[in-house]
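So the sequences go chain by chain: A and B. When we follow this note's numbering, the leftmost residue of the first sequence carries the number 1, and every step to the right adds one. When we follow this note's numbering, the leftmost residue of the second sequence carries the number 466, and every step to the right adds one. Note that the Cβ used here is the ideal one computed from N, Cα and C, for glycine as well.
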Amino acid sequence: MTELDLAGQVVELVRRLGGPAAQAEAVVTRADLALTRFANSGIHQNVSESTVGVRLRVHVDGRTAAGGGSVVTADGLSALVERTLTAARLCPPDPGWPGLAPPMPTPDAPPVDEATAHAEPDQRADRVGAFVAAAGGLSTAGYCRTAHRSSAFANSTGHSAYGRSVEAAMDGIARRDGADGVARRSADRLADLDGAELGAQAAAKAQAAADPVELPPGHYEVVFEPAAVADLLQNLSFYGFNGKRYAERQSFAEPGAAQFDRAVTLVDDPLGGSGLPFDAEGTGRRALTLVEAGTTRAVAHDRRTGVEAGVESTGHAVAGGATWGPMPRNLRLTGAAAGPASAVGRSTTGAAAGAVVDADTAALVAGVRRGLLVTDLWYTRVLDPKSLVVTGLTRNGVWLIEDGTVVRAVRDLRFTESYPRALGPGAVLGLGARAVRQPERVDGAWWAAPSLRLASWHFTGGASG
Amino acid sequence: MTEFDAASAAVQAALDAGARYADARVMHRRYESMTARNGDVEELTQDESIGLGVRALVGASWGFHAVPDLSDAAARDAGRRATRTAMASARVPGPSVDLVPVEAVTASWASGCQIDPLGVPLSAKGDLLVDATRTMAEHGADLAEGLYQIWDTAKWFVSSEGHRIDQRIRECGGGISATSIGDGETQRRSWPSYRGQYGTTGWELVESLDLAAHAAQIAEESRALLTAPLCPAGETDLILGGEQLALQIHESVGHAIELDRILGWEAAFAGTSWLDLAQLGSLRYGSELMNITIDPTIPGALGSFGFDDEGSPAVKRDAVRDGRWVGVLAGRDSAAMASLDYGGSVRADGWARLPMVRMTNVGLEPGPHTLEEIIAATDDGVLMDLNRSWSIDDKRLNFQFGCEIGWEIKKGRRGRMLRNPTYTGIGPLFWRSMDMLSGETVSWGTPNCGKGQPGQIGHTGHPAAPARFRNVRVGVSA
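This is the structure:
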């Protein structure tokens, strides 16, 4: 039985058991997920799962409840429908119920790569092997994963949709004397992940991170590589461009206001890579410009927050998201219009060689009189959601830049900074041209960004023991 | 076909395909959560999931596969696929894998439960949250939120060494929070804890929290915080409430003593540990007041079980004794690699996830004082309580925590309320500065511990009581 058949069967069960007035939406997803994990340069965990899941939301007699399950037998589906209907009837009224999505066309999604969808463990292991070999004897750790989802939506207005998505991702570090270098990518095809290229990049950065020095805390100009920028995008998405937080006045976002530097354009582009063409409510997914040349244009909505805001859903509903709210999860920071002038990664010939791994970053570094090159941010947590003040640490390599040259490695630093303020008008001193897609912890979400030069970042202390 | 039959079929298929060891877990979990906001129920979700995960060891390499189907054919196929995946692992081999011995047992275990949380009428559970959130809204909270969560998990474990163990673990808990939104910032107060309090227990835990009785006070405090003075910046004596100290233990001790991190298995993601196994037994972790235990036998604490997900029985151990580091959280393979003789701290958050080293109940033994005695003995300091933010480096050394609320302590008395209190430090230096410890211990439950790839959410417990730390940097801001 197909996923679409199963979803339709669940909706029909709700109609039969809950009466013709019962509203229902069902999502059925089969997933083949696999992840090959390595540490100390050997594969130490290698896992896969073939699962099916059903999500159901019902609205009956003005009351709403949701349920889910992994049992797709006739008895299992009946049990799911019965307990969800029972739960809904026992709930208090839901005056904010926005209704179900009406029938609508589903946008065309990019084709999926069948080779990635059906990748074997040997293929992941071979990429890991290439990463390890390219690290030239340094200790390595990380993962290579593939994901394939086949998902169908149906609701009692007669709307239905179907789509598939695949993703491949690789993320690894190389270590030298406790200093780490990292390389990570998210792609639509496993074939696009080159373990050797990533391993060599991580190793070069690890070599360049040797003998780090302590720097005093303070405000520094910074060049963030794409991995670090990804953290900015994630926090801006979850806390700022979240329609629920916006409605609750917990977001910094003010549509129409020039809140960011003119260099900043942010687009959530769920179909910019292989992705499902509809959200958890069946609404078609499409590109949404959140910030255009520094001016905030929109926040993400599902049907409920859209009604509250008097706008349409933007296709950002997630299962069980009523509490967390709708969030962009495929955000791209658009790069500079023209390519960088310099294609040379400038560094001293000593310990810092290899810190700069691409031309975009090199061009940004070249303009810095004194500042820091930051590879990655780690364990970032929000101190205040409205101002989006965040604390966290650097990780996987930090270097001091003097007069446009990377001069030496620096020990990790803790920062406390307001992300919107750091990206505010006049604060962005440069952008690379090429956005590099970074994986999220779960498949289906990614962050694409070029390297980014910011006028100031507040480091509040060293991380050394 | 019973759950044990399915697990046995998977194990046998893995052995037939070439595995030298295999184990399988069938898990059936029912989950229910409800959230309420400003006097209305916001979301009610009920999930039910059942499936099987099988782990196979071939040579020095592991493989794991999971399916939601308990038929004989599906179970056997899962066993074969786990073995095939293990064989692929051998293309990039690591060191040899051994397992510390554990007695193969046939056993059953269940957590304590007076009131079945899934048996309590939904309307009653909803009324509890609605009443509390309505009261908070009436007392000035812009966002009045409440939630409860319930997990009812049955597990059946079989290994190729002869284990046959079934367990039923019921967990639940909940809490409320009030958020007030000012000009450019928000303030939040929670009861009894950020995200609530949880345990391996029945609905009696949620009833004991008496959420409605605390609603008005936390709403008023959240508003008062908007105009309270900022926590001053500088070094001072710091008194931490028990809930915040529980998180301090979790982050700066619990994760640091995970043997998989110490061995580098989490290096790329969760990070490693500052601890060096060569110093086990001799390293001074903290002051002599610091006695940390690993104890999955505590009745009702969130990290309790009868057997871990490798079949090792729950056993209480020391992690830090009189300030010295003496023990780790380990699994059978990591312990063997480290030449230790115990595992017992391996769990998975569902049938589709590989068991990995996890905190059980990692807690601080009580001290001789009360919180009031500690305050009375403090001439100049800050009292902070209830976590608001947490961040720690990948070696578990440098941390910065934010709390919901602080109070100035002057000449032995609690003074003004302080806004945005934060403190920062280095783990072992911080723990060595602990000089007063209360005996008012509570086993705080943490239901949201993230670790591993693919991601897993762990449930851990942390007995903790208020304590004082000398000369701590506080008041870090942007």
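Outcome for residue i when other beta-carbon atoms lying within 10 angstroms are tallied against a minimum of 16
{"i": "B/Gln921", "result": "buried"}
{"i": "B/Asn826", "result": "buried"}
{"i": "B/Leu695", "result": "exposed"}
{"i": "A/Asn46", "result": "buried"}
{"i": "A/His118", "result": "exposed"}
{"i": "B/Ser804", "result": "exposed"}
{"i": "A/Gly345", "result": "Low confidence applies here, because A/Gly345 scores a pLDDT of 41, under 50, leaving its location unreliable and the question unanswered by this model."}
{"i": "B/Ala930", "result": "buried"}
{"i": "B/Lys875", "result": "exposed"}
{"i": "B/Ala589", "result": "exposed"}
{"i": "B/Ser769", "result": "buried"}
{"i": "B/Ser536", "result": "exposed"}
{"i": "A/Pro20", "result": "exposed"}
{"i": "B/Thr571", "result": "exposed"}
{"i": "A/Asn242", "result": "buried"}
{"i": "A/Val442", "result": "exposed"}
Backbone CA spacing between residue i and residue j [nearest angstrom]
{"i": "A/Ala341", "j": "B/Lys916", "result": "Legend: pLDDT at A/Ala341 = 46, less than 50; position of this residue unreliable, value from coordinates given subsequently. Rounded to whole angstroms, A/Ala341 to B/Lys916 spans 42 angstroms at the Cα level."}
{"i": "A/Arg16", "j": "A/Glu254", "result": "46 angstroms"}
{"i": "A/Ala127", "j": "A/Leu138", "result": "Strictly speaking, residue 127 of chain A in this sequence is Arg, with Ala absent from that position. Whole-angstrom Cα-Cα distance: 16 angstroms."}
{"i": "B/Arg494", "j": "B/Gly667", "result": "15 angstroms"}
{"i": "A/Gly462", "j": "B/Thr618", "result": "43 angstroms"}
{"i": "B/Asp542", "j": "B/Ala555", "result": "20 angstroms"}
{"i": "A/Phe238", "j": "B/Val476", "result": "42 angstroms"}
{"i": "A/Gly158", "j": "A/Ala152", "result": "13 angstroms"}
{"i": "A/Ser483", "j": "A/Val365", "result": "There is no way to answer for residue 483 of chain A, as the model of chain A reaches only from 1 to 465."}
{"i": "A/Ser347", "j": "A/Thr405", "result": "Annotation note: pLDDT 47 at A/Ser347 (below 50); position unreliable, coordinate value reported separately. Approximately 5 angstroms between the Cα atoms of the pair."}
{"i": "A/Arg149", "j": "A/Asp302", "result": "22 angstroms"}
{"i": "B/Leu674", "j": "A/Glu214", "result": "47 angstroms"}
{"i": "B/Ile714", "j": "B/Leu794", "result": "14 angstroms"}
{"i": "A/Leu276", "j": "B/His679", "result": "44 angstroms"}
{"i": "A/Gly354", "j": "B/His530", "result": "39 angstroms"}
{"i": "A/Arg297", "j": "A/Glu221", "result": "28 angstroms"}
DSSP state of residue i mapped onto helix, strand, coil
{"i": "A/Val81", "result": "helix"}
{"i": "A/Thr29", "result": "strand"}
{"i": "A/Trp399", "result": "strand"}
{"i": "B/Ser554", "result": "helix"}
{"i": "B/Leu745", "result": "coil"}
{"i": "B/Trp896", "result": "helix"}
{"i": "A/Thr305", "result": "helix"}
{"i": "B/Met499", "result": "strand"}
{"i": "A/Tyr239", "result": "helix"}
{"i": "A/Ser347", "result": "The pLDDT assigned to A/Ser347 is 47, lower than 50, so where the model puts this residue is not dependable, and the model offers no usable value."}
{"i": "A/Gln438", "result": "strand"}
{"i": "B/Gly591", "result": "helix"}
Neighbourhood of residue i by C-beta, 8 angstroms cutoff - its chain only, sequence neighbours within 5 removed
{"i": "B/Arg789", "result": "Gly746, Ser747, Leu748, Arg749 and Tyr750"}
{"i": "B/Pro820", "result": "Arg490, Arg520, Asp773, Asp774, Glu775, Gly796, Val811, Arg812 and Ala813"}
{"i": "A/Ala22", "result": "Val14, Arg15, Val58, His59, Val60, Leu85 and Ser156"}
Residues near residue i by beta carbon distance below 7 angstroms, same chain, minus five either side
{"i": "A/Gly72", "result": "Correcting the residue type first, residue 72 of chain A is Val in the shown sequence and not Gly. Leu6, Val52 and Val54, listed in sequence order."}
Beta-carbon contacts of residue i that lie in its chain and below 6 angstroms, excluding the five residues immediately before and after
{"i": "B/Thr510", "result": "Ser498"}
{"i": "B/Ala602", "result": "Asn503, Gly504 and Ala609"}
{"i": "A/Val166", "result": "Val112, Asp113, Thr116, Ala117, His148 and Ser274"}
{"i": "A/Val436", "result": "Pro226"}
{"i": "B/Ala643", "result": "Met601, Ala606, Ala609, Arg654, Ile683, Ala684 and Ser687"}
Within-7 angstroms CB hit, residue i to chain D
{"i": "A/Ala65", "result": "The displayed structure is made up of protein chains A and B, and chain D is not among them."}
#### Entry: Against chain A: residues of the region 855-868 of chain B by CB proximity under 8 angstroms
Near chain A, meaning a CB-to-CB distance below 8 angstroms, the residues of the region 855-868 of chain B are Trp855, Ser856, Ile857, Asp858, Asp859, Lys860, Leu862, Asn863, Gln865 and Gly867.
#### Entry: Where the region 507-540 of chain B meets chain A: residues whose CB sits under 7 angstroms from a CB there
Taking 7 angstroms as the cut-off between beta carbons, the residues of the region 507-540 of chain B near chain A are Glu507, Glu508, Leu509, Thr510, Gln511, Asp512, Glu513, Ser514, Ile515, Gly516, Ser526, Trp527, Gly528, Phe529, His530, Ala531, Val532 and Pro533, in sequence order.
### Task
Taking a Cβ distance cut-off of 7 angstroms, strictly less, list which residues of the region 726-744 of chain B are near chain A, in chain order.
Residues are counted here when their Cβ sits less than 7 angstroms from a Cβ of chain A; for the region 726-744 of chain B these are Gly729, Trp730, Ala732, Ala733 and Trp739, given in chain order.
### Task
Taking only beta carbons into account, state which residues of the region 904-935 of chain B come closer than 9 angstroms to chain A, listed in chain order.
So the close ones are Gly915, Gly917, Gln918, Pro919 and Gly920.
### Message
Against chain A, which members of the region 639-656 of chain B pass a CB distance test of less than 7 angstroms?
### Response
Closer than 7 angstroms at the C-beta level to chain A, one finds these residues of the region 639-656 of chain B: Ile646, Gly649, Glu650 and Thr651.
### Query
Which residues, taken in chain order from the region 490-509 of chain B, show a beta carbon closer than 7 angstroms to some beta carbon of chain A?
Listed in chain order, the positions of the region 490-509 of chain B with a beta carbon within less than 7 angstroms of a beta carbon of chain A are Thr500, Asp505, Val506, Glu507, Glu508 and Leu509.
### Query
Between the region 30-53 of chain A and chain B, which residues of the former have CB atoms less than 9 angstroms from a CB of the latter, in chain order?
Those residues of the region 30-53 of chain A placed with their C-beta closer than 9 angstroms to a C-beta in chain B are Leu33, Ala34, Leu35, Thr36, Arg37, Phe38, Ala39, Asn40, Ser41, Gly42, Ile43, His44, Gln45, Asn46, Val47, Ser48, Glu49, Ser50, Thr51, Val52 and Gly53, ordered along the chain.
### chain A contacts from the region 556-586 of chain B (Cβ-Cβ distance under 8 angstroms)
Taking 8 angstroms as the upper bound on Cβ-Cβ separation, chain A lies near residues Arg556, Val557, Pro558, Gly559, Pro560 and Pro586 of the region 556-586 of chain B.
### Query
In the region 106-133 of chain A, which residues sit with their C-beta less than 7 angstroms from some C-beta in chain B, listed in chain order?
So the close ones are Pro121, Asp122, Ala125, Asp126, Val128, Gly129 and Val132.
### Task
Could you name the residues of the region 443-462 of chain A whose beta carbon sits closer than 8 angstroms to any beta carbon of chain B, in the order they occur along the chain?
From the region 443-462 of chain A, only His458, Thr460, Gly461 and Gly462 have a Cβ closer than 8 angstroms to chain B.
### chain B contacts made by the region 372-395 of chain A, where a contact means CB separation under 8 angstroms
The residues in question are Trp378, Tyr379, Thr380, Arg381, Val382, Leu383, Asp384, Pro385, Lys386, Ser387, Val389, Thr391, Gly392, Leu393 and Arg395.
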